[in-house]
Amino acid sequence: MVQFGKDEKRDWEQTLETNTIPAIRRFLAIYPMSVHAPEGMRILANLKEEKMWELTTRQDVMFAYENYLKEYPSGKYAALAGEKIEKLEDQLAWKETCKKNTVSAYLEYKSNFPSGEFVSEVEQKITALVRAKSGNSGGETEDDDTLNEEAALEAATNEDSVSAYNQFLKRFPDGEYADQVRNRIHQLEIHLTRQYRAIEEELQAWEYADKQDSLLSYRDFIKNFPEGRFAPLARQRIKNLERKLQGKVVIKSGEHIVSGQKSNSGNTASKSTKPFVPGEKDKLERDLQGFRLAVIWGMGFGILSIATRLLSPGFFPLSLIAAILVGGFFVYQRNKHLTSKEVSIYLAGTGLIIFWITIEIFLTMLNNYAVAIIFSGIFAILFVIILRHYYRRYQNREG
283 MVQFGKDEKR DWEQTLETNT IPAIRRFLAI YPMSVHAPEG MRILANLKEE
333 KMWELTTRQD VMFAYENYLK EYPSGKYAAL AGEKIEKLED QLAWKETCKK
383 NTVSAYLEYK SNFPSGEFVS EVEQKITALV RAKSGNSGGE TEDDDTLNEE
433 AALEAATNED SVSAYNQFLK RFPDGEYADQ VRNRIHQLEI HLTRQYRAIE
483 EELQAWEYAD KQDSLLSYRD FIKNFPEGRF APLARQRIKN LERKLQGKVV
533 IKSGEHIVSG QKSNSGNTAS KSTKPFVPGE KDKLERDLQG FRLAVIWGMG
583 FGILSIATRL LSPGFFPLSL IAAILVGGFF VYQRNKHLTS KEVSIYLAGT
633 GLIIFWITIE IFLTMLNNYA VAIIFSGIFA ILFVIILRHY YRRYQNREG
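Read in my numbering, the sequence shown has 531 at position 249, and its numbers run on one by one without any break.
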């Protein structure tokens with residue numbers, strides 16, 4: 283028998299014939315840099331999902347279907363799992379409704395499950411209850427004659443929705459409880475407006491995070507919406523990205539080596555490779571973005587000041603003030619994510635701007651170059667100290 287691990291092409295064909303989770307894992311472990319690795323990962327993910335769905339259908343309980351949707355919210359069987367959950371909820375609700383065996387309970391079931399499996403039995407159950415209560419087992423009874431306002435109010439209160447209360451008002455527009463119902467409708471509408479606004483904000487935040495597709499964007503989303511509808515998916519995306527970073531390729535001596543595994547030449551990756559720490563990539567990414575912005579501001583400030591000094595000296599102080607404002611806006615946008623490098627660049631540039639402006643002022647006032655430099659230096663240093671103190675307080679307040 284030919285040993286597995288000697289011929290990649292033959293081993294891949296053998297793995298496809300076997301088509302099992304252990305076989306795919308073995309191939310990926312031996313050939314992590316293979317051209318078939320992406321396809322192997324996809325096949326492995328599909329096999330895992332199929333295995334979980336098989337176990338879920340075998341259990342056939344609501345908890346199992348919910349676990350499947352939690353693991354695969356956009357999976358192959360997500361729609362079918364949702365239908366199974368609805369069916370099980372319908373059956374459970376009908377069982378509880380039959381235990382209560384009241385008119386309001388049957389009306390509540392019909393409202394919650396308008397297309398439920400047992401909707402056709404609701405009218406029969408209600409009619410039987412009404413006949414039993416009135417002692418009339420032979421004649422037909424109209425709903426308006428049997429379901430009084432209090433029963434209708436109880437049904438609407440159990441559902442506690444705008445549509446249910448509007449249905450109540452259609453039947454009893456001038457009833458004893460009409461004003462109370464209208465007040466409740468107003469409260470629900472305010473609550474729904476707030477809910478819709480929150481849902482819209484979450485959806486916009488998710489669209490941005492999904493578009494960026496980075497650890498930074500997903501963690502910001504979870505920070506703002508820890509219990510949101512997309513939070514489980516965001517956490518799963520974070521896990522996937524962290525796995526990719528943990529298995530990233532280390533290039534050493536011209537060979538591709540995966541940390542902790544052997545290459546085709548038999549070499550082992552150096553154990554001195556720095557392990558991946560969750561959150562470190564997030565911090566480095568954020569710091570790098572901010573540092574680039576700070577450097578761009580510094581370069582722009584220098585070009586603006588030199589160009590204005592040479593071309594239009596009269597506008598030189600105004601150009602420096604504009605540079606301060608631009609840098610201040612950058613600092614405000616960065617908020618509590620400022621790093622020490624960014625602050626140093628901005629404060630150094632600001633101090634230089636103040637120094638140049640005050641030199642112009644003191645030279646005009648004193649006509650003494652040495653005194654102007656001394657006063658300007660002291661003024662710029664004090665300004666930078668005060669500004670730095672302000673930013674530290676601002677970061678502490680925002681943090």
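Beta carbons are placed, not taken as given, at the ideal position from N, Cα and C, and that holds for glycine.
| Item | Value |
| --- | --- |
| Closest residue to Ile-639 among Ile-667, Leu-664, Lys-382, Leu-600 (Cα-Cα distance) | Leu-600 |
| Simplified DSSP assignment, three categories, for Asn-440 | helix |
| Pick from His-318, Ala-360, Val-343 that is closest to Glu-332, judged by C-alpha positions | Ala-360 |
| Contact the region 351–368 vs the region 377–387: 3+ CB pairs below 8 Å | no |
| Segment contact, 8 Å Cβ cut-off, at least three pairs: the region 314–325 with the region 341–349 | no |
| Simplified DSSP assignment, three categories, for Met-344 | helix |
| Phe-454 beta carbon less than 8 Å from that of Glu-431 | yes |
| Counted within 10 angstroms of its Cβ, other Cβ atoms place Lys-687 as buried (16 or more) or exposed | This structure cannot settle anything about residue 687, because the visible part of the chain is limited to 283 through 681. |
| Sequence-distant residues of the same chain with beta carbon closer than 8 Å to Glu-441, five excluded per side | Glu-390, Ser-393, Asn-394 |
| Buried or exposed (CB count within 10 angstroms, at least 16 for buried), Tyr-447 | buried |
| Helix, strand or coil at Arg-511 according to DSSP, with G and I counted as helix | coil |
| Selected residue, minimal CA-CA separation from Gln-462, among Asn-301, Leu-435, Leu-664, Val-404 | Leu-435 |
| Identity of the residue in Phe-512, Phe-637, Phe-644 nearest Val-666 by Cα | Phe-637 |
| Among Val-401, Thr-302, Gln-518, His-468, nearest to Asn-328 - alpha-carbon criterion | Thr-302 |
| Stretch-stretch touch, CB-based, cutoff 8 Å, three pairs: the region 475–495 with the region 510–525 | yes |
| Whole-angstrom C-beta distance between Ile-635 and Ile-606, which should lie under 8 Å | 6 Å |
| Ile-408 burial status per 10 Å Cβ neighbour count (16 or more: buried) | buried |
| C-alpha gap between Leu-669 and Ala-652, whole angstroms | 26 Å |
| Coil, strand or helix - Val-317 by DSSP | coil |
| Proximity test, Cβ basis, 8 Å: Arg-501 and chain D | Any reference to chain D falls outside this structure, which holds one protein chain only. |
| Counted within 10 angstroms of its Cβ, other Cβ atoms place Ala-410 as buried (16 or more) or exposed | exposed |
| Coil, strand or helix - Ile-668 by DSSP | helix |
| Limits of the alpha helix (DSSP H) - the one that Gly-692 falls within | The shown model of the chain, from 283 to 681, leaves out residue 692, and the question about it has no answer. |
| Start and end residues, alpha helix (DSSP H) containing Phe-503 | 497–506 |
| Closest residue to Val-444 among Leu-593, Glu-403, Ile-472 (Cα-Cα distance) | Ile-472 |
| Bounding residues of the alpha helix (DSSP H) (the contiguous stretch that carries Asn-465) | 460–494 |
| Beta-carbon separation (whole angstroms), Gly-322 vs Ile-312, contact threshold 8 Å | Not quite, the Cβ-Cβ distance comes to about 11 Å (not below 8 Å), so this is no contact. |
| Supposed contact pair Ala-460 and Leu-451 - C-beta distance, whole angstroms, cut 8 Å | 6 Å |
| Whole-angstrom distance between Leu-498 and Leu-326, CA atom to CA atom | 27 Å |
| Environment of Asp-697 [buried if 16+ CB atoms lie within 10 Å] | Residue 697 lies beyond the residue range present for the chain, which begins at 283 and ends at 681; the question has no answer from this structure. |
| Buried or exposed by the 16-neighbour rule on C-beta atoms within 10 Å, applied to Tyr-388 | buried |
| Under 8 Å between C-beta atoms of Phe-507 and Glu-482 | no |
| Limits of the unbroken alpha helix (DSSP H) element including Phe-309 | 303–312 |
| Segment limits, alpha helix (DSSP H) that includes Ala-381 | Contrary to the premise, residue 381 reads as Lys rather than Ala in this sequence. From DSSP, the alpha helix (DSSP H) with Lys-381 extends over 360–382. |
| Cα-Cα separation between Thr-475 and Gln-486, rounded to whole angstroms | 17 Å |
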